[in-house]
Structure formats: C-alpha cells, structure tokens
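Just remember that our numbering sits 148 ahead of the position in the sequence shown, which is counted from 1.
Note that the Cβ used here is the ideal one computed from N, Cα and C, for glycine as well.
The structure appears below as structure tokens.
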Amino acid sequence: MSVISKKIRNSARGQQCQVRIPGVCNRNPETVILAHVGKGSGMGQKCDDIHATYACSACHDVIDGRVRIGDPRINRLYAYEAMVRTQKLLLEQELIQVAK
C-alpha cells in the first residue's frame with residue numbers, strides 16, 4: 149500500500165528548503181516542492197510521501213541526480229537529514245501522526 153497524500157504534497161508550497169546543500173540551495177520558498185528521498189519499488193516509481201522532504205528546485209535537481217555537484221553520498225545524507233526535519237514539520241502541522 150502506497151502512502152500518497154495531496155495534503156502533504158501541497159504543504160510544501162511556500163516552505164523553506166530543508167535540504168540546504170551549501171553552494172546549491174537557492175533559498176527560494178517559491179520553488180519548494182515535496183521531493184521524494186527514498187527509492188520506489190520499481191523503475192519510475194516513487195517512494196511514499198512520508199519519505200520525502202521540502203526541497204528547493206536547485207537542491208531537488210542535485211538529490212535527484214539531474215545536476216551533478218559534489219559527492220553523491222554526501223548529497224544523499226543532506227536529503228535524508230532533510231527528510232527527518234520535514235517529518236518533524238509534518239507532525240507539527242498534524243499532517244502525520246504517531247500512535248499513542
């Protein structure tokens with residue numbers, strides 16, 4: 149079962165980039181989208197929306213491999229750390245919940 153949420157995807161609008169790759173991030177909230185960080189289960193498939201981060205267009209291009217800058221392993225680390233920050237924001241916005 150895939151986790152797909154229009155509300156989570158739409159929540160990225162106007163947010164700050166959470167990836168923040170030095171020398172890459174454009175810091176423009178107008179370009180921020182929900183960028184999937186993990187791998188899907190097949191070619192061309194995306195992972196669940198909870199495995200994503202708020203990313204500006206420049207950082208998104210780097211983490212998706214469309215632009216090659218720096219060490220890909222370090223860029224992946226930026227993306228996963230950003231996913232954790234984004235998940236915290238999603239919890240604060242009550243777009244995801246943790247069972248008590």
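Euclidean distance between Cα positions of residue i and residue j
i    : j    : result
V180 : A203 : 5 Å
V215 : I222 : 14 Å
M191 : V167 : Note that M191 has pLDDT 48, beneath the 50 cutoff, so the model's placement of it is unreliable and no number is given.
I217 : P177 : 21 Å
V172 : R233 : 18 Å
Within-8 Å CB hit, residue i to chain C
i    : result
I222 : Structure shown: chain C not included; a single protein chain is present.
Nonlocal neighbours in the same chain, by C-beta distance under 7 Å from residue i, ignoring five residues either side
i    : result
S189 : Legend: pLDDT at S189 = 46, less than 50; position of this residue unreliable, value from coordinates given subsequently. Excluding sequence neighbours, S189 sits near nothing in its chain.
S150 : D196
Beta-carbon proximity list for residue i, same chain, < 8 Å, skipping 5 on both sides
i    : result
L238 : I156, S159, I198, I244
Per DSSP, cross-strand counterpart(s) of residue i
i    : result
A206 : In the DSSP output, where bridge partners are listed per residue, A206 has none listed.
Range covered by the alpha helix (DSSP H) that runs through residue i
i    : result
P220 : 220-240
N158 : 154-158
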